[in-house]
Ligand code: ATP
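In full-length UniProt numbering, the protein residues as written are 1 to 284.
Okay, here's the thing in structure tokens:
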């Protein structure tokens with residue numbers, strides 16, 4: 001038997017770091033949603049007790065370092081599953097981009113194997129398992145739009161933002177999330193975005209307010225380390241995006257655009273800058 005799952009990319013409409021915790025993690029407040037740019041995960045039952053991974057993307061690990069592999073092993077161990085699985089990752093989401101590609105693959109693997117092996121694990125439990133794999137995995141299990149607190153695992157679903165186009169551009173650099181958090185001085189953040197104000201804009205369905213209130217404190221680190229990310233933001237605004245923000249720890253920058261007529265101009269303008277450019281809709 002075979003199952004398929006879609007693993008969409010996430011963007012942060014707001015990302016704030018409140019403090020560094022004693023356990024080394026950062027206490028965050030994030031508003032996250034998903035976009036229609038997705039990896040496709042195929043899972044096929046194997047009679048022998050083994051996990052095999054393949055992908056068309058040559059630049060990701062295909063062993064126990066792969067988050068989909070880790071998700072499969074976790075579910076096998078926890079539920080004492082004796083069958084094996086062959087997992088094929090058709091990667092569309094750029095890697096180490098701030099789009100939670102690996103986390104979404106892990107979440108899709110948990111959902112898919114739950115179906116493949118008929119385990120009947122409730123969503124809340126899949127999210128708890130996901131938290132053992134990474135901070136963004138619990139959100140990716142359910143998707144939608146949510147506010148996340150704690151280290152990202154305390155989730156509260158919220159209503160979807162107003163539908164719009166999202167132009168994503170990833171400059172040709174790879175950014176390590178751990179490195180960015182490591183360089184952030186949590187007690188010296190210049191400007192904290194407001195979750196309340198972003199929530200209000202969403203509640204009022206005010207696209208203009210949402211665009212004005214986007215904010216991500218990790219820009220303070222990544223934009224200084226990689227000036228091309230700052231230039232990319234400026235370029236997207238100049239080309240006419242209504243609101244622009246770096247996603248996660250970067251380097252992907254996304255622009256929210258309400259009018260379809262503007263999308264082609266922004267897309268084509270950015271293609272001169274970087275190879276990885278996508279124009280997609282929100283997954284609402
Ligand atoms: P986040 O925003 O959650 O930090 P990201 O989008 O910045 O995620 P990923 O694409 O998840 O980053 O990749 C981060 C690292 O994880 C890469 O170094 C990659 O080698 C490794 N990795 C492990 N499994 C996967 C996977 N299934 N897909 C992509 N990368 C993976």
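By construction, the Cβ of each residue, glycine as well, lies at the ideal position given by its N, Cα and C atoms. These figures come from a predicted structure and were not determined experimentally.
Should residue 174 go down as buried or exposed, given a rule of 16 or more other Cβ atoms within 10 Å for buried?
Stepping through the chain shown from its first residue, residue 174 is reached at position 174. Flag for residue 174 reads exposed.
In DSSP terms, what residue 88 is bridged to
Taking the first residue of the chain shown as position 1, residue 88 is located at position 88. Looking at the DSSP assignment, residue 88 forms a beta bridge with 42 and 54.
Where does residue 163 land, buried or exposed, given buried means 16+ other C-beta within 10 angstroms?
Reading the chain shown from its first residue, position 163 is the one you call residue 163. Exposed: under 16 other Cβ atoms inside 10 Å.
Classify residue 34 as helix, strand or coil using the three-state DSSP reduction.
Position 34 of the chain shown holds residue 34. DSSP places residue 34 in strand when its eight states are reduced to three.
Length-filtered (4 minimum) alpha helix (DSSP H) runs lying within the UniProt domain "GHMP kinase C-terminal" (199 to 275):
207 to 213, 219 to 225, 227 to 238 and 260 to 271
Ignore the nearest five residues each way along the sequence and tell me which others in residue 30's own chain have a CB closer than 6 angstroms to its CB.
Taking the first residue of the chain shown as position 1, residue 30 is located at position 30. Excluding residues within five positions, the ones whose Cβ falls inside 6 angstroms are 12, 15 and 148.
Which of the three DSSP states is assigned to residue 82 in this structure?
By 1-based counting over the chain shown, the position of residue 82 is 82. It is coil, neither helix nor strand.
Beta bridge counterpart(s) of residue 4 as assigned by DSSP
For the purposes of this step, residue 4 is identified with residue 4 of the chain shown, where counting begins at 1. Answer is 42.
Would you tell me roughly how many angstroms separate the C-alpha atoms of residue 27 and residue 184, rounded to the nearest one?
Here residue 27 is taken as the residue at index 27 of the chain shown, counted from 1. Here residue 184 is taken as the residue at index 184 of the chain shown, counted from 1. So the two alpha carbons sit approximately 12 angstroms from each other.
If we call anything under 8 angstroms between Cβ atoms a contact, is residue 94 one with residue 170?
On the chain shown, residue 94 is found 94 positions in, with the first residue counted as 1. On the chain shown, residue 170 is found 170 positions in, with the first residue counted as 1. For residue 94 and residue 170, yes; Cβs fall inside 8 angstroms.
Any chance the CB of residue 101 is under 7 angstroms from a heavy atom of the ligand ATP?
Here the question's residue 101 lines up with position 101 in the chain shown. Flag set: Cβ of residue 101 near the ligand ATP.
Check each candidate in 49, 66 and 50 and name the one with the smallest Cα separation from residue 57.
Residue mapping note: residue 57 aligns to position 57 of the chain shown, counting from 1. That would be 66, whose Cα lies nearest to the Cα of residue 57.
Distance between residue 132 and residue 82 (C-alpha atoms, nearest Å)
Along the chain shown, read from residue 1 onward, the residue named residue 82 stands at position 82. Along the chain shown, read from residue 1 onward, the residue named residue 132 stands at position 132. Answer to the nearest angstrom: the Cα atoms are 21 angstroms apart.
CB-CB length for residue 85 against residue 119, believed under 8 angstroms:
Here residue 85 is taken as the residue at index 85 of the chain shown, counted from 1. Here residue 119 is taken as the residue at index 119 of the chain shown, counted from 1. Going by Cβ atoms, the distance from residue 85 to residue 119 rounds to 12 angstroms, so no, they are not a contact pair.
Based on the DSSP output, what are the partners of residue 10 in its beta bridges?
Along the chain shown, one-based indexing puts residue 10 at 10. DSSP lists 34 as partners of residue 10.
Looking at the ligand ATP, does it come within less than 7 angstroms of residue 248, judged from the CB to the closest heavy atom?
Residue numbering aside, residue 248 sits at position 248 when the chain shown is read from its first letter. Yes - the ligand ATP has a heavy atom lying nearer than 7 angstroms to the Cβ of residue 248.
Tell me whether the beta-carbon of residue 280 lies closer than 8 angstroms to the beta-carbon of residue 35.
Sequence index remark: in the chain shown, residue 280 carries index 280 (1-based). Sequence index remark: in the chain shown, residue 35 carries index 35 (1-based). It is a contact, given that the beta carbons lie within the stated cut-off.
How long is the line joining the alpha carbons of residue 74 and residue 130, rounded to whole angstroms?
Within the chain shown, the letter at position 74 stands for residue 74. Within the chain shown, the letter at position 130 stands for residue 130. Rounded to whole angstroms, residue 74 to residue 130 spans 9 angstroms at the Cα level.
Below 8 angstroms, can you find three or more Cβ-Cβ pairs linking the segment 227 to 244 to the segment 264 to 271?
yes
Which residue's Cα is closest to the Cα of residue 23: 105, 274, 151 and 3?
In the chain shown, the residue the question calls residue 23 occupies position 23. That would be 151, whose Cα lies nearest to the Cα of residue 23.
Which residue or residues does DSSP assign as beta-bridge partners of residue 69?
For the purposes of this step, residue 69 is identified with residue 69 of the chain shown, where counting begins at 1. Partner(s): none; residue 69 has no beta bridge.
Residues near residue 226 by beta carbon distance below 8 angstroms, same chain, minus five either side:
To locate residue 226, count along the chain shown from 1; it is residue 226. Closer than 8 angstroms at Cβ, skipping near neighbours: 171, 173, 175, 250 and 251.
Mind checking residue 127: buried by the 16 CB within 10 Å criterion, or exposed?
Position 127 of the chain shown, counted from the first residue, corresponds to residue 127. Residue 127 is buried by the Cβ-count criterion.
Using DSSP with H/G/I as helix, E/B as strand and the rest coil, what is residue 23?
Looking up residue 23 in the chain shown gives position 23. Coil, per DSSP.
For residue 1, does the count of other Cβ atoms within 10 angstroms reach 16, so buried, or fall short, so exposed?
On the chain shown, position 1 is the one that residue 1 refers to. Exposed is the call here.
Heavy atom of the ligand ATP within 7 angstroms of residue 65 beta-carbon
Position 65 of the chain shown, counting from 1, holds the residue named residue 65. It does: the Cβ of residue 65 is within 7 angstroms (strictly closer) of some heavy atom of the ligand ATP.
For residue 149, report the span of its beta strand (DSSP E) as first-last.
Taking the first residue of the chain shown as 1, we reach residue 149 at position 149. Segment 146 to 149, the beta strand (DSSP E) holding residue 149.
Helix, strand or coil: which one does DSSP assign to residue 47?
In the chain shown, the residue the question calls residue 47 occupies position 47. If DSSP states are grouped into helix, strand and coil, residue 47 belongs with coil.
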